[in-house]
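Asker:
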Amino acid sequence: MSDFGGILGEAAGLLVALDPDLMEIIGLSLRITLVSLVIACFIGLPVGALAGAFAFPGRSALIVLLNTLMGLPPVVVGLIAYLILSASGPLGPLGLLYTPVAMIIAQTILITPIVAALTRQVVEDLHLEYAEQFASMQAGKIRRILELMKDARYSLLTAVLAGFGRAISEVGAVIIVGGNINHVTRVMTTAIALETSKGNLQLALALGIVLLLLAVMINAGVMALRAFAERSALA
Amino acid sequence: MFGSSTALPSRRGFFPSIGLYPLLAALALSILMGLSSLAFAQENDSPFIIVQSTTSTRNSGLFEHLLPLFQADTGIEVRVVAVGTGQALRNAKNGDGDVLLTHSRIDEERFVAEGHGVERFDVMYNDFIIVGPARDPAGIEGQDDAPSALSMIADTKRPFASRGDDSGTHKAELRLWRMAGVDVQAASGRWYRETGSGMGTTLNIAVGMDAYALTDRATWIAFGNKGNHRILVQGDPRLFNQYGIILVNPDRHPGVKAKQGRRFVDWILSSTGQEAIASYRIDGQPLFFPNAKR
Chain A
562 MSDFGGILGE AAGLLVALDP DLMEIIGLSL RITLVSLVIA CFIGLPVGAL AGAFAFPGRS
622 ALIVLLNTLM GLPPVVVGLI AYLILSASGP LGPLGLLYTP VAMIIAQTIL ITPIVAALTR
682 QVVEDLHLEY AEQFASMQAG KIRRILELMK DARYSLLTAV LAGFGRAISE VGAVIIVGGN
742 INHVTRVMTT AIALETSKGN LQLALALGIV LLLLAVMINA GVMALRAFAE RSALA
Chain B
5 MFGSSTALPS RRGFFPSIGL YPLLAALALS ILMGLSSLAF AQENDSPFII VQSTTSTRNS
65 GLFEHLLPLF QADTGIEVRV VAVGTGQALR NAKNGDGDVL LTHSRIDEER FVAEGHGVER
125 FDVMYNDFII VGPARDPAGI EGQDDAPSAL SMIADTKRPF ASRGDDSGTH KAELRLWRMA
185 GVDVQAASGR WYRETGSGMG TTLNIAVGMD AYALTDRATW IAFGNKGNHR ILVQGDPRLF
245 NQYGIILVNP DRHPGVKAKQ GRRFVDWILS STGQEAIASY RIDGQPLFFP NAKR
């Protein structure tokens with residue numbers, strides 16, 4: 562095992578070399594994560610906003626459920642998705658097991674509750690602030706939701722980023738339903754697990770650093786976007 | 005001030021209409037990338053089969069050597085899911101796989117007898133070895149009797165890292181402990197450590213805690229984190245490690261790609277496939293020895 566300088570050097574080397582295998586793995590990681598994230602947002606943002614802004618029967622139970630599901634163990638999600646997608650499972654005939662689509666399904670199950678639960682908290686807090694205003698405006702329900710989400714959009718961005726972080730770093734679920742098949746379902750995290758099991762600890766850690774850099778770049782990009790949006794809003 | 009519903013001084017606060025576009029653009033971009041990903045998943049129409057196999061065959065690099073040769077001969081892509089033999093057999097029993105390449109003969113024969121597989125063939129062999137710290141505190145080095153080496157580890161209560169995952173290697177290890185007359189379950193959690201993990205992870209743990217371990221030779225030769233560990237016991241005929249190949253039964257599991265799967269089985273057992281196995285070496289050492297009988 563060599564020093565961290567060597568590992569950083571190897572990570573830099575991996576990126577600079579633009580190794581086609583590595584680029585393929587990074588590309589697949591990003592695509593799977595982003596698709597799951599988009600689906601999770603389509604479900605999680607509205608569900609969270611409704612639970613945050615309105616009182617309805619079963620709301621407390623829904624909130625407890627969402628908060629609990631934030632801690633869903635990835636391995637359990639992977640197993641459930643495997644049982645559903647397996648050839649002997651209910652969706653077996655679709656032949657989705659060991660494909661990127663299976664990984665997207667597992668990750669969507671995993672991160673939708675995160676997006677929904679964090680959205681709920683953000684919208685609920687803002688709703689308390691705006692309640693009086695809404696009442697005086699006699700704002701309708703849809704308008705309330707839209708305005709809350711618009712004004713909370715930067716906080717909601719954090720909820721979305723939390724979902725992104727969970728999805729891109731997760732290994733337990735995608736390795737079960739994806740199978741870590743070379744050139745088909747191998748992503749950054751499963752590649753790291755594989756290299757670790759081969760005893761190539763330095764390469765595994767270098768891949769980990771590449772993954773971390775990727776996450777830093779995406780978070781920084783979102784921050785820049787936000788700053789830009791705020792400036793144009795003030796202008 | 006909010007009395008009138010027509011005049012809303014704070015309206016601008018509610019509708020900061022500019023600035024949303026970059027976010028929308030980002031969202032649209034994500035959706036686009038998403039669709040391209042789905043397209044990516046669908047576009048791969050070329051024939052492929054799924055082989056459920058063991059970590060030793062993958063971690064040793066054997067598949068990366070064999071599969072391009074097979075694909076060049078036949079045009080069939082092979083997707084390998086590498087798990088322990090126990091899990092590979094269970095996945096195949098669910099119909100999730102076309103061919104099995106594993107190393108636990110008794111379980112493989114039961115798999116065929118239960119109707120899940122068509123027929124089992126010997127493919128190749130190598131051997132198990134006992135590795136441990138170079139200073140060898142249990143003094144087993146050079147033993148040519150594997151069970152008695154294990155007895156010495158048990159007597160001195162030196163740590164032993166077991167797969168503990170129902171894999172082919174784990175089953176072989178348990179058979180050796182039975183021959184040695186040692187009840188490892190009674191020692192589990194003390195000197196006997198069940199990692200519940202694959203071979204590589206178990207070796208990482210063994211190196212980390214100065215423990216002995218049973219491993220197949222191929223994984224060991226290709227393993228990159230040997231630390232101060234080395235081979236201490238080898239050569240006992242009871243350490244023989246036979247690999248077998250089975251086509252999953254298409255009558256039992258209709259999703260099985262029998263035609264392509266059969267071509268893979270035939271190719272592995274043919275002289276071309278057998279020579280390809282024999283020619284795979286790391287540092288001049290052969291990792292697997294072909295022994296198909298036809």
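As you go down the protein sequences, you meet chains A and B in turn. Counting the first sequence from 1 gives a position; this note's numbering is that position plus 561. Counting the second sequence from 1 gives a position; this note's numbering is that position plus 4. Here a beta-carbon is modelled for each residue, glycine too, at the ideal position from N, C-alpha and C.
What whole-angstrom Cβ distance do A/ILE779 and A/ALA765 have, given they're in contact under 8 Å?
Answerer: That pair is no contact at about 22 Å.
Asker: May I ask you to verify whether the segment 89-98 of chain B touches the segment 134-145 of chain B, counting CB pairs closer than 8 Å and requiring at least 3?
Answerer: No, they do not touch.
Asker: Rounded to whole angstroms, what is the Cα-Cα separation between A/VAL771 and A/GLY782?
Answerer: About 16 Å.
Asker: Exposed or buried, which one is A/TYR715 when buried takes at least 16 other CB atoms within 10 Å?
Answerer: Classification of A/TYR715: exposed, given that the 10 Å Cβ count is below 16.
Asker: Do the CB positions of B/ASN245 and B/ASN130 come within less than 9 Å of each other?
Answerer: Yes, Cβ-Cβ distance for B/ASN245 and B/ASN130 is below 9 Å.
Asker: Over the uninterrupted beta strand (DSSP E) stretch that includes A/VAL732, give me the two end residues.
Answerer: Looking at the DSSP string, A/VAL732 is not in any beta strand (DSSP E), and its letter there is neither H nor E.
Asker: If we ignore side chains and look at the alpha-carbon of each, how far apart do A/MET698 and A/GLY724 end up?
Answerer: When rounded, the distance between both Cα atoms is 34 Å.
Asker: How long is the line joining the alpha carbons of B/THR59 and A/GLY632, rounded to whole angstroms?
Answerer: So the alpha carbons of these two residues sit roughly 30 Å apart.
Asker: Would you kindly work out how many angstroms separate the C-alpha atoms of B/MET183 and B/ARG162, rounded to a whole number?
Answerer: Cα to Cα, B/MET183 sits roughly 19 Å from B/ARG162.
Asker: Please compile the residues from chain B whose C-beta is within a distance smaller than 7 Å of the C-beta of A/ASN761.
Answerer: Those are GLY228, listed as they occur along chain B.
Asker: Can you tell me whether A/MET664 is buried or exposed, with buried defined as 16 or more other CB within 10 angstroms of its CB?
Answerer: Under this definition A/MET664 is a buried residue.
Asker: Using a threshold of 9 Å, state whether the C-beta atoms of A/SER590 and B/MET203 are closer than that.
Answerer: No, they are not a contact pair.
Asker: Within 8 Å, do at least three Cβ pairs link the segment 198-217 of chain B to the segment 112-127 of chain B?
Answerer: With a cut-off of 8 Å, the segment 198-217 of chain B and the segment 112-127 of chain B do not count as touching, because too few Cβ pairs lie within range.
Asker: Name the one or two DSSP bridge partners that B/GLU81 has.
Answerer: According to DSSP, B/GLU81 bridges with B/PHE52.
Asker: The beta strand (DSSP E) spanning B/SER60 covers which residue range?
Answerer: Element bounds for B/SER60: not the beta strand (DSSP E) but the alpha helix (DSSP H), 59-63.
Asker: In the segment 646-657 of chain A, which residues sit with their C-beta less than 8 Å from some C-beta in chain B, listed in chain order?
Answerer: Answer set for the segment 646-657 of chain A: SER647, ALA648, SER649, GLY650, GLY653, PRO654 and GLY656.
Asker: Have a look at A/VAL596, A/PRO581 and A/PRO618 and flag the residue whose alpha-carbon is nearest the alpha-carbon of A/ALA728.
Answerer: Comparing Cα-Cα distances from A/ALA728 to each of A/VAL596, A/PRO581 and A/PRO618, the minimum goes to A/VAL596.
Asker: Compare the beta carbon distance of B/THR78 and B/PHE268 with 9 Å and say whether it is the shorter of the two.
Answerer: In contact: B/THR78 and B/PHE268 (Cβ atoms closer than 9 Å).
Asker: Which residues of the segment 74-87 of chain B have a Cβ closer than 9 Å to any Cβ of chain A? Give them in chain order.
Answerer: Hits within the stretch, in order: GLU81, ARG83, VAL84, VAL85, ALA86 and VAL87.
Asker: Per the DSSP calculation, B/PRO137 is bridged to which residue(s)?
Answerer: DSSP output for B/PRO137 lists B/HIS233 as bridge partner(s).
Asker: Per DSSP, which one or two residues make a beta bridge with B/ARG304?
Answerer: Lying before the first or after the last residue shown, residue 304 of chain B is absent from chain B, which here runs from 5 to 298.
Asker: Output the distance between the C-alpha atoms of B/MET128 and B/ASP111, rounded to the nearest integer angstrom.
Answerer: One C-alpha to the other measures close to 17 Å.
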